[in-house]
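First residue of the sequence shown: 26, per my numbering; consecutive thereafter.
Built from N, CA and C at the ideal position, the CB exists for glycine as well.
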Amino acid sequence: MKEVPTPIHVMRMMHRYIADAYRELSLKEKGVLQFCLTEGSEKINCYFTANGDELTFTEGISDTYNVRLDCSLANWLALADNRLNPVIGVLFRRLKFTGDVSYFKKIIPKDLYAVDLTSVSDKVTAFEVAPSKEWEKPRKVLLLDSSPRGTKGYTKLYCDNMVSFLQEKDVEVNHIMLSQYNIQPCLGCLQCWLKTDGECILKDDVKDLYKLYEESDLIIYAFPLYAYGVPGMLKNFMDRGVIKQYPYFEKGTSQIRHPRRVHANKAFVVFSICGFPSFHQYDAVKPFFKLYSHSSHSPLIAEIYRPGGIFLLQNPFNYLKLKKFMEALRSATHEIIDLGRIQPKTQKRLNSKLDERAFLKSTNKYWDNLYKNKNADY
Ligand SMILES: Cc1cc2nc3c(=O)[nH]c(=O)nc-3n(C[C@H](O)[C@H](O)[C@H](O)COP(=O)(O)O)c2cc1C
């Protein structure tokens, strides 16, 4: 069971960092560093012994020491972290050294965290920052249709149209229905990071799906909106993407993220339909995919949201609107392939609003019919 560290645990943890640095830097110095620290009314006495090969930790007060530090735990942490200058610390009586002060410097390096990450580094790419400037026509597109209703879903109907639009541009399209695959939820064990070099311990279809993902240049996440987010099976698939990353951390474009195991220019597109007629239904999904884009190092080059996606198909009065939407979807798909983005005028056509009054009246009628006919298939 995990516990909040006590002051002596903190000192043990500090020791581990310093002992690693002592070994890695082959410091070879010998002697004893004595700590007599306070945290509130608690006294923390412990010492580090350097024997030329390693640095050991002992609780209590040593009979002999090279240098002893008396101060609060907070001041010692500030000193170790280079936030407190030792001269200022002594002058302002925040630190009291007894013995050979220079010995501290010999044992404790200035930067305890100097880790060489060059082998796993995954720097921000020009493609990620300005994908349409660096754009090359994608060869392979992976369309992940994530409707739990699979072939019965309206999502598939829209996806089928997108597939034919994509094929008009001579790209290879792999239309995958996630509902037909076994995708178990991530257990968070991180064996893939720490033990198996990117292999998940769960034996299901995710490995094969990520193989298809790696082989594709453009990914289209298509899904019906569920509770203002992506359906669980898509979220499970995305969570399992942890296998593609290293456990390290590195600065990305806007914040810190993990480096990937496989570096490749890969962009993605989001396509979704939902039941309600308002674009506000997507207020949570938009920032979610922006963050996902950053963490997956893949630029999000286009977002197509179709609120009232069922209403548009089911209500005969929407026929012309539906036709216009499909034409806009066709233009958008072609622009994505040619330019790596959707032109503003096309985006405007895609984002045409639906009439809320008509929606309320006709949708209630539609659902009332289904509700009363218990065998209805929607
Ligand atoms: C569990 C569940 C949650 C849903 N949540 C939302 C929602 O938050 N907003 C919305 O507009 N529609 C919501 N819907 C409606 C679906 O988006 C709509 O049924 C879907 O787009 C139909 O696609 P499909 O035929 O591929 O399943 C939800 C539907 C289900 C089953």
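Stretch-stretch touch, CB-based, cutoff 8 Å, three pairs: the region 146-164 with the region 195-207 = The region 146-164, when compared against the region 195-207, does touch it at the 8 Å Cβ threshold.
Could you tell me which residues DSSP puts in a beta bridge with Tyr246?
-> Per DSSP, the beta-bridge partners of Tyr246 are Leu169 and Val295.
Have a look at Ala357 and Asn107 and give me their C-alpha separation to the nearest angstrom.
-> Annotation: Ala357 to Asn107 spans about 54 Å, alpha carbon to alpha carbon.
Tell me, please, which residues DSSP counts as bridged to Asp264.
-> Beta-bridge pairing links Asp264 to no other residue.
Near Thr89, what residues of its chain come up, given a Cβ to Cβ distance below 8 Å and the 5 sequence neighbours on each side ignored?
-> Cβ neighbours of Thr89 beyond the five flanking positions: Val57.
If you run the structure through DSSP and keep just helix, strand and coil, what is Met408?
-> The chain is shown from 26 up to 403; residue 408 falls before or after that span and cannot be answered.
Phe122 (DSSP reduced to helix, strand or coil) = Three-state result, Phe122: strand.
Inter-residue spacing [alpha-carbon to alpha-carbon] between Asp380 and Val188 = Just so you know, the alpha carbons of Asp380 and Val188 end up roughly 29 Å apart.
Going by DSSP, name the residue or residues bridged to Ser97.
-> Residue pairing from DSSP places Ser97 in a beta bridge opposite Thr63.
Run of the alpha helix (DSSP H) containing Ala357, from where it starts to where it stops = In this chain, the alpha helix (DSSP H) harbouring Ala357 covers Tyr344 to Leu364.
Please find out if some non-hydrogen atom of ligand 1 comes closer than 8 Å to the beta-carbon of Pro332.
-> Yes, the Cβ of Pro332 comes within 8 Å of a heavy atom of ligand 1.
Does the pairing of the region 293-307 with the region 238-248 give three or more beta-carbon distances under 8 Å?
-> With a cut-off of 8 Å, the region 238-248 and the region 293-307 count as touching, because enough Cβ pairs lie within range.
Please find out if some non-hydrogen atom of ligand 1 comes closer than 8 Å to the beta-carbon of Gln306.
-> Yes, since a heavy atom of ligand 1 falls inside the 8 Å radius drawn around the Cβ of Gln306.
CA-CA distance, Leu169 and Leu203?
-> If you take the alpha carbons of Leu169 and Leu203, they lie about 7 Å apart.
Top-ranked residue by Cα proximity to Tyr317, from Leu345, Arg366, His288 and Met263 = Ranking the options by Cα distance to Tyr317, first place goes to Met263.
Where does Asn389 fall in DSSP's three states?
-> When secondary structure is reduced to three states using DSSP, Asn389 falls in the helix class.
Kindly indicate which three-state DSSP category Glu28 falls into: helix, strand or coil?
-> Three-state DSSP puts Glu28 in coil, outside helix and strand.
Using a threshold of 9 Å, state whether the C-beta atoms of Met36 and Phe82 are closer than that.
-> Cβ atoms of Met36 and Phe82: closer than 9 Å.
Any chance the CB of Tyr396 is under 8 Å from a heavy atom of ligand 1?
-> Here the distance from the Cβ of Tyr396 to the nearest heavy atom of ligand 1 is not below 8 Å.
Which one of Pro32, Asn400 and Trp101 has the shortest CA to CA distance from Lys121?
-> Of Pro32, Asn400 and Trp101, the residue nearest in Cα terms is Trp101.
Cutoff 8 Å; reference Gly85; Cβ partners in own chain excluding five residues on either side = Asn70, Cys71 and Tyr72, listed in sequence order.
Buried or exposed (CB count within 10 angstroms, at least 16 for buried), Thr278 | Exposed, since its Cβ has fewer than 16 Cβ neighbours within 10 Å.
Note down, in chain order, each residue of its chain lying with its Cβ closer than 6 Å to the Cβ of Leu259, except the 5 sequence neighbours on either side.
-> Excluding residues up to 5 positions away in sequence, Ser171 and Phe248 lie with their Cβ nearer than 6 Å to the Cβ of Leu259 in the same chain.
Indicate the three-state DSSP secondary structure (helix, strand or coil) for Tyr72 in the structure shown.
-> In the structure shown, Tyr72 sits in a strand (DSSP, three-state: E or B).
Between Thr31 and Glu67, what straight-line distance do the alpha-carbon atoms span, to the nearest angstrom?
-> Those two C-alpha atoms are separated by around 10 Å.
May I ask whether a heavy atom of ligand 1 can be found less than 8 Å away from the beta carbon of Phe73?
-> No, the Cβ of Phe73 stays beyond 8 Å of every heavy atom of ligand 1.
Identify the residues that DSSP records as bridge partners of Leu325: which are they?
-> In the DSSP assignment, the residues bridged to Leu325 are Phe293.
Measure the alpha-carbon distance for Gln59 versus Asn91 and round it to whole angstroms.
-> Rounded to the nearest whole angstrom, the C-alpha separation of Gln59 and Asn91 is 8 Å.
With distances taken between CB atoms, is the gap from Met38 to Ala105 smaller than 9 Å?
-> No, the pair does not count as a contact, with Cβ atoms beyond the cut-off.
Using DSSP bridges, identify the partner residues of Val92.
-> DSSP output for Val92 lists Leu58 and Gly124 as bridge partner(s).
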